[in-house]
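Going by the working numbering, the sequence shown opens with residue 5, and the numbers climb by one from there.
All residues carry an ideal CB built from backbone N, CA and C; glycine is no exception.
A quick write-up on the structure given underneath.
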Amino acid sequence: QTAGAQRLFEMLSPGASFVQINFDDILFYENCGGGSFGSVYRARWISQDKEVAVKKLLKIENEAEILSVLSHRNIIQFYGAVVEAPNYGIVIEYASGGSLYDYLSSDESEKMDMGQIMTWAAEIARGMHYLHSEAPVKICDFGASKFLTHTTHMSLVGTFPWMAPEVIQSLPVSETCDTFSYGVVLWEMLTREIPFKGLEGLQVAWLVVEKNERLTIPSGCPKSFAELMRKCWVTEPKERPVFKQILSTLESMSNDSQLPQQCNSFLHNKAEWRTARIERERSCSSLLPQLIGLKLKE
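Next up, the structure:
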């Protein structure tokens, strides 16, 4: 397990505990996705007559104790865990609306406007600020990806586009590795595109670490959004904003009377800036044959 997880576990109060749920008390429905952090199923917690989501894990160490003390309106609620080998899993609130990633991949996302983006950007930032600064256990020295690495089949191919350079290189991390990932999510909401689409995980890692490349910020993107994303993607972790600063920036942006028009114009002129993005990504791709024999720093 990570040193960060161990330090967090040591910070828990002696009375920290979680509800242990019997595997037979869960009625599984369909697999509703999962990706890099394991399979997630829609299910029913029979004894509580509650619709839940169950995320299957390889094992459970300290995660359940940590999750049990977190409580925030912008964080999925943790109900308990199944600890009967080999059926390990965490039981959490079921988000009937699906994931943000799924929504952005749907036709429904074409209706998104600046108001929706600002709302979600702020809600995500509030949840992360709570985890980093206000939670009973501060998730600040290893980041979300490190938190789950040792408990699930983590597909690095699927997660590299969201990883900060220091996470890719397995260097010491701080809370601002999540700031970097937040910038990618903001880019996804603005563009409704897949980050580094068409590239393999190691190709993305090489571009981000060795070439210091970042996602293309489309022409026409409102200046305030572009500046925020660039700050989130600064290579030096200490120079990236923490989520308290991001929330302050978002508040200032919400008071800009010209931003809604700029943003909505940008969102509805996708074809114009998509061409420029594709051209830049092609130029990056031309460098990729150099990846042969590449060994990432450890």
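Beta-carbon proximity check, residue i vs residue j, cutoff 7 angstroms
i	j	result
V2	G84	Examination of residue 2 is not possible in this model, given that the chain is present from 5 through 302 alone.
I221	A129	no
F164	G205	yes
V86	F32	no
E69	I80	no
A125	L190	yes
V58	Y45	yes
C267	P226	yes
N78	E127	yes
F247	H136	yes
Per-residue burial, residue i [other beta carbons within 10 Å of its own, 16 or more giving buried]
i	result
F146	With a pLDDT of only 34 at F146, under the threshold of 50, the placement of this residue in the model should not be trusted; the figure read from the coordinates follows. Buried, since its Cβ has 16 or more Cβ neighbours within 10 Å.
I143	The predicted model places I143 with a pLDDT of 49, which falls under 50 and marks its position as unreliable; any figure quoted below should be read in that light. It counts as buried.
T153	Here the model assigns T153 a pLDDT of 41, short of 50, so the residue's position is not dependable, and the following value carries that caveat. Buried.
R234	exposed
G102	exposed
N66	buried
Q262	exposed
V212	buried
H272	exposed
Q120	exposed
Y134	buried
T155	Its pLDDT being 35, under 50, T155 is placed unreliably by the model, and nothing is read from it.
E192	buried
E170	buried
S174	exposed
L203	buried
F151	Because F151 carries a pLDDT of 46, less than 50, the predicted location of this residue cannot be relied on, and the following value inherits that uncertainty. The residue is buried, with at least 16 neighbouring Cβ atoms inside 10 Å.
Residue closest to residue i, alpha-carbon to alpha-carbon, out of the options
i	options	result
G93	R77, A125, K60, S100	K60
E179	I70, E243, E34	E243
Y107	V73, N91, R196	R196
N91	L203, L135, I25	I25
T253	E231, S109, C267	E231
G168	E217, L74, E34, R77	In the sequence as presented, Gly is not what sits at residue 168; that position holds Ala. With distances taken between Cα atoms, A168 lies closest to E217.
Q52	E34, D29, S72, P199	D29
A89	I64, E127, S110	I64
I50	C36, S43, V95, S21	V95
S110	E214, I198, V238	I198
A47	L74, T123, Y105, A99	A99
E114	L194, N259, S21, V73	L194
E255	T123, V73, K201	T123
V238	Y186, M116, Y105	Y186
C36	Y105, K54, F82	Y105
Extent of the continuous beta strand (DSSP E) to which residue i belongs
i	result
L49	The sequence shown places Trp at residue 49, not Leu. Per DSSP, W49 belongs to the beta strand (DSSP E) from 44 to 49.
E97	91 to 97
F32	30 to 35
A139	Counting along the chain, A139 falls outside any beta strand (DSSP E), and DSSP gives it neither H nor E.
E55	54 to 60
Expected contact under 8 angstroms - CB spacing of residue i and residue j to nearest Å
i	j	result
M118	P264	5 angstroms
F270	C236	About 18 angstroms separates the two Cβ atoms, so there is no contact after all.
D182	M257	Not quite, the Cβ-Cβ distance comes to about 20 angstroms (not below 8 angstroms), so this is no contact.
W166	V188	5 angstroms
S21	S72	7 angstroms
Opening and closing residue of the alpha helix (DSSP H) in which residue i lies
i	result
V171	169 to 172
L219	From DSSP, L219 is part of no alpha helix (DSSP H); its letter is neither H nor E.
F229	227 to 236
L254	247 to 258
Y83	Unbroken run through Y83 is the beta strand (DSSP E), 82 to 88; no alpha helix (DSSP H).
V188	180 to 195
Q265	263 to 271
S72	67 to 72
W210	205 to 213
G101	Premise fails: G101 is in no alpha helix (DSSP H) and is neither H nor E.
I121	118 to 133
T163	160 to 163
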